[in-house]
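This report concerns only the one structure given below.
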Ligand code: ATP
Ligand code: MG
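Numbering (the working numbering), first residue to last: 83 to 504.
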């Protein structure tokens with residue numbers, strides 16, 4: 083037998099309201115920090131990611147969906163948003179304004195082994211500050227992320243580190259290489275292979291072998307140059323001033339090549355092995371590497387699937403105001419009533435109310451059953467007799483009580499009911 087086709091990742095009708103709420107809370111919080119939305123394409127030239135993310139990273143070396151277009155040009159479904167945001171910044175010369183702050187949301191694609199909190203198509207919300215070198219930009223970006231988590235009632239723990247810059251990191255790399263050289267046999271295959279090109283990866287590797295082998299590795303924080311050290315201290319001071327709690331984690335190197343100085347992650351409970359819901363950092367070289375002028379930047383991305391898992395596992399979370407309008411079920415009896423009913427339904431929908439109706443003239447009993455099954459809050463009954471009197475019967479399904487309401491007062495009555503219930 084031919085097997086049923088499985089999709090990548092569906093956000094079902096029952097879940098999508100939560101996603102929309104996450105996005106609207108992000109929009110609300112981010113805009114109070116002066117960010118504006120950018121809508122980026124889901125497909126880019128492959129070269130962007132190779133140059134932007136780096137070809138020794140997991141993403142570029144094994145996770146991209148890459149294919150030739152009709153003319154043979156290599157395209158890739160975006161695995162993340164930062165490279166695209168920077169490409170757009172350079173392409174549209176946004177650097178002519180002194181500061182650009184953008185946020186985005188949408189699907190990302192990575193060829194990974196699907197498991198809890200890891201999909202091949204997943205959704206991110208991200209934000210980028212382009213054109214600000216100050217530690218305040220790092221601290222504000224982190225503050226904004228933590229404000230967002232607070233707004234959606236999700237508790238996250240912040241971890242922060244510095245990766246230094248092009249003057250101090252190479253010195254650290256040599257130190258680390260020297261250390262790893264003695265421990266090569268204890269590393270996983272992947273890390274052994276890339277050790278020369280990118281020894282920092284070994285610190286971030288999830289394999290228990292590498293974790294064990296690098297416990298005594300030299301720490302980046304002891305190798306920062308004066309400027310990087312000051313930058314890190316300033317970020318920490320600002321976080322303290324803003325009363326943002328954090329832990330330092332000097333092993334955190336993140337999976338992307340473009341980071342310089344500050345990197346951070348937010349972890350949450352209830353996720354199992356994939357416990358990071360958001361990650362970001364400073365990337366001062368990426369714009370110039372993609373042919374723009376020297377532009378210091380900082381940003382982050384958070385995973386919406388993981389956010390939803392944490393949110394749903396927390397009973398006390400700020401539940402969003404119910405997104406759904408109470409359902410109204412309209413039942414009509416007789417020809418004239420049906421015609422008048424059509425007008426009523428149209429009017430209610432124009433008022434923004436959610437309406438289902440029996441348009442096929444089923445019996446009242448059957449229609450009431452269906453209204454109940456659909457979870458209707460109100461059933462509106464209109465027969466030819468009521469129509470003559472200019473009235474309709476409204477049944478409150480929960481309270482099991484009914485009232486006669488003049489036809490031109492339906493909306494007023496429903497609104498009064500709603501405000502009484504609220
Ligand atoms: P991980 O170590 O969990 O693979 P990463 O370093 O690859 O994360 P980033 O590229 O920094 O993650 O992406 C930021 C966030 O996007 C992650 O913290 C996570 O919440 C989410 N994310 C990344 N990859 C996936 C995926 N395959 N499925 C679901 N969410 C993901
Ligand atoms: Mg990953």
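For every residue, glycine included, the Cβ atom is placed at its ideal position computed from N, Cα and C.
Bear in mind that the values here come from a model prediction, so they are computed numbers and not experimental data.
Figure out for me which residue from the options has the closest Cα to the Cα of residue i.
{"i": "residue 225", "options": "445, 355, 328 and 490", "result": "328"}
{"i": "residue 331", "options": "309, 313 and 302", "result": "302"}
{"i": "residue 369", "options": "118, 130 and 317", "result": "130"}
{"i": "residue 68", "options": "281, 307 and 323", "result": "Only positions 83 to 504 of the chain appear in this structure, which leaves residue 68 out of reach."}
{"i": "residue 367", "options": "144, 117, 87 and 214", "result": "214"}
{"i": "residue 387", "options": "205, 153, 109 and 124", "result": "205"}
{"i": "residue 462", "options": "440, 455 and 181", "result": "440"}
{"i": "residue 194", "options": "186, 503, 203 and 188", "result": "203"}
{"i": "residue 346", "options": "355, 354 and 362", "result": "362"}
{"i": "residue 407", "options": "305, 458 and 344", "result": "458"}
{"i": "residue 321", "options": "227, 355, 174 and 499", "result": "227"}
{"i": "residue 127", "options": "95, 141, 169 and 481", "result": "169"}
{"i": "residue 238", "options": "353, 312, 222 and 171", "result": "353"}
{"i": "residue 91", "options": "198, 155 and 166", "result": "198"}
{"i": "residue 176", "options": "274, 212, 460 and 488", "result": "212"}
{"i": "residue 375", "options": "449, 339 and 172", "result": "172"}
{"i": "residue 479", "options": "276, 145 and 449", "result": "449"}
{"i": "residue 88", "options": "107, 201 and 373", "result": "201"}
{"i": "residue 133", "options": "166, 120, 105 and 114", "result": "166"}
{"i": "residue 77", "options": "83, 377 and 307", "result": "For the chain, the structure presents residues 83 to 504; residue 77 sits outside this window and is missing."}
{"i": "residue 300", "options": "371, 358, 260 and 385", "result": "260"}
{"i": "residue 496", "options": "435, 454 and 452", "result": "435"}
{"i": "residue 411", "options": "265, 355, 117 and 431", "result": "431"}
{"i": "residue 271", "options": "291, 423, 476 and 161", "result": "291"}
{"i": "residue 232", "options": "112, 120 and 314", "result": "112"}
{"i": "residue 255", "options": "287, 279 and 384", "result": "279"}
{"i": "residue 93", "options": "390, 372, 451 and 222", "result": "390"}
{"i": "residue 247", "options": "124, 83 and 364", "result": "364"}
{"i": "residue 267", "options": "295, 325 and 249", "result": "295"}
Within 7 Å: the Cβ of residue i and any heavy atom of the ligand ATP?
{"i": "residue 359", "result": "yes"}
{"i": "residue 333", "result": "no"}
{"i": "residue 204", "result": "yes"}
{"i": "residue 237", "result": "no"}
{"i": "residue 284", "result": "no"}
{"i": "residue 431", "result": "no"}
{"i": "residue 195", "result": "no"}
{"i": "residue 371", "result": "no"}
{"i": "residue 110", "result": "no"}
{"i": "residue 105", "result": "no"}
{"i": "residue 415", "result": "no"}
{"i": "residue 163", "result": "no"}
{"i": "residue 497", "result": "no"}
{"i": "residue 452", "result": "no"}
{"i": "residue 384", "result": "yes"}
{"i": "residue 436", "result": "no"}
{"i": "residue 116", "result": "no"}
{"i": "residue 200", "result": "yes"}
{"i": "residue 364", "result": "no"}
{"i": "residue 425", "result": "no"}
{"i": "residue 276", "result": "no"}
{"i": "residue 268", "result": "no"}
{"i": "residue 356", "result": "yes"}
{"i": "residue 351", "result": "no"}
{"i": "residue 119", "result": "no"}
{"i": "residue 279", "result": "no"}
Can you tell me whether residue i sits near the ligand COA, meaning its C-beta is under 7 Å from at least one heavy atom of the ligand?
{"i": "residue 140", "result": "Absence of the ligand COA is noted for the structure shown, with the ligand ATP and the ligand MG being the only ligands found."}
Where DSSP assigns a beta bridge to residue i, which residues make up the other side?
{"i": "residue 379", "result": "212"}
{"i": "residue 490", "result": "Per DSSP, none; premise fails for residue 490."}
{"i": "residue 478", "result": "460 and 483"}
{"i": "residue 203", "result": "191"}
{"i": "residue 182", "result": "212"}
{"i": "residue 87", "result": "In DSSP, residue 87 forms no bridge with anything."}
{"i": "residue 439", "result": "412"}
{"i": "residue 168", "result": "According to DSSP, which records beta bridges pairwise, residue 168 is partnered with nothing at all."}
{"i": "residue 197", "result": "200"}
{"i": "residue 465", "result": "415"}
{"i": "residue 159", "result": "125 and 147"}
{"i": "residue 473", "result": "488"}
{"i": "residue 118", "result": "184"}
What are the complete beta strand (DSSP E) segments, minimum 3 residues, inside the stretch 133-157? 147-150
Completely contained alpha helix (DSSP H) runs for the stretch 314-401, where each covers 4 or more residues: 368-371 and 386-395
Inside the stretch 237-291 only - alpha helix (DSSP H) runs reaching at least 4 residues: 251-265, 271-276 and 283-286
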